[in-house]
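So the structure is just underneath, and the comments pick up after that.
Residue numbers (the numbering used here): 537 to 766.
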């Protein structure tokens with residue numbers, strides 16, 4: 537019984553390493569970099585240029601919202617609302633970001649790894665407009681050392697939602713991004729986005745030491761031989 541108790545204690549220490557979660561919607565506060573996320577205006581198709589960070593507007597947000605980042609006074613933009621309501625032909629959600637590409641510029645949501653590790657990610661997209669004009673979705677990462685883009689899918693009247701999940705190994709400072717592009721007309725491209733990642737936290741050195749001591753104690757108990765009664 538002592539062995540079992542010691543083993544359980546050691547395993548409890550091992551399982552105490554909680555995963556660190558990064559959530560784009562929860563972290564979004566109208567500031568770049570919050571929660572490890574950066575929101576960029578991507579260059580038009582065929583134009584070789586770096587993406588540009590969206591900014592907090594000097595006036596009102598294009599979409600009524602609690603927080604926003606956009607391209608000056610227009611689109612593309614990212615919006616977060618604490619309440620849900622209908623505005624024009626689209627619904628503003630309160631449980632995900634509203635992302636809207638511009639006339640010729642896609643919008644990218646970049647996550648930059650604060651620590652090296654394996655990140656499990658989940659991302660979902662859904663149409664928010666009653667008359668969707670269609671969007672394209674792709675991913676970009678430099679996990680291999682160079683930027684690589686990959687088509688993810690498209691949304692429109694016949695495909696209202698899409699989700700992806702997986703794992704990716706990132707060095708500190710490397711990124712995983714998802715890009716929403718207008719795929720033609722951008723007039724009715726309001727899109728809901730949830731993007732979360734998690735990384736297993738490594739136990740502190742003190743925790744490792746206690747775990748080792750716990751398993752060592754368990755091993756010592758296994759090596760003991762019961763004494764025979766005289």
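For each residue, glycine too, the CB sits at the ideal point set by N, CA and C.
Straight-line Cα distance separating residue j from residue i
i: residue 646; j: residue 576; result: 8 Å
i: residue 596; j: residue 640; result: 22 Å
i: residue 561; j: residue 731; result: 7 Å
i: residue 680; j: residue 673; result: 21 Å
i: residue 555; j: residue 591; result: 31 Å
i: residue 649; j: residue 692; result: 31 Å
i: residue 582; j: residue 736; result: 39 Å
i: residue 607; j: residue 719; result: 19 Å
i: residue 610; j: residue 594; result: 11 Å
i: residue 558; j: residue 706; result: 14 Å
i: residue 589; j: residue 612; result: 11 Å
i: residue 694; j: residue 722; result: 17 Å
i: residue 661; j: residue 726; result: 10 Å
Distance CB(residue i)-CB(residue j) smaller than 8 Å
i: residue 605; j: residue 634; result: no
i: residue 614; j: residue 643; result: yes
i: residue 637; j: residue 716; result: yes
i: residue 714; j: residue 659; result: yes
i: residue 712; j: residue 656; result: no
i: residue 675; j: residue 724; result: no
i: residue 710; j: residue 651; result: no
Residue i Cβ short of 7 Å to the ligand SAH heavy atom set
i: residue 557; result: With respect to the ligand SAH, the structure shown offers nothing to examine, as it has no ligands at all.
Own chain, CB closer than 8 Å to residue i, minus 5 neighbours either side, in chain order
i: residue 745; result: Summary for residue 745: the model assigns pLDDT 48, below 50, so the residue's position carries little reliability, and this model does not support an answer.
i: residue 629; result: 617, 620, 664 and 728
i: residue 585; result: 579
i: residue 703; result: 654, 655, 656 and 657
i: residue 678; result: 684, 710 and 711
Contacting residues, own chain, Cβ-Cβ under 6 Å from residue i (five flanking each side not counted)
i: residue 574; result: 568 and 646
i: residue 690; result: 672
i: residue 600; result: 623
i: residue 631; result: none
i: residue 666; result: 625
Other residues of its chain near residue i: CB distance less than 7 Å, five sequence neighbours each side excluded
i: residue 566; result: 592, 603, 604 and 605
i: residue 563; result: 570, 571 and 573
i: residue 587; result: 576, 577, 578, 579 and 644
Evaluate the contact criterion for the segment 693 to 701 versus the segment 608 to 627: three or more CB pairs, one atom per stretch, below 8 Å. no
Cβ pair count under 8 Å reaching 3, the segment 679 to 693 against the segment 614 to 622: The way I'd put it, the segment 679 to 693 doesn't touch the segment 614 to 622; fewer than three beta-carbon pairs between them come closer than 8 Å.
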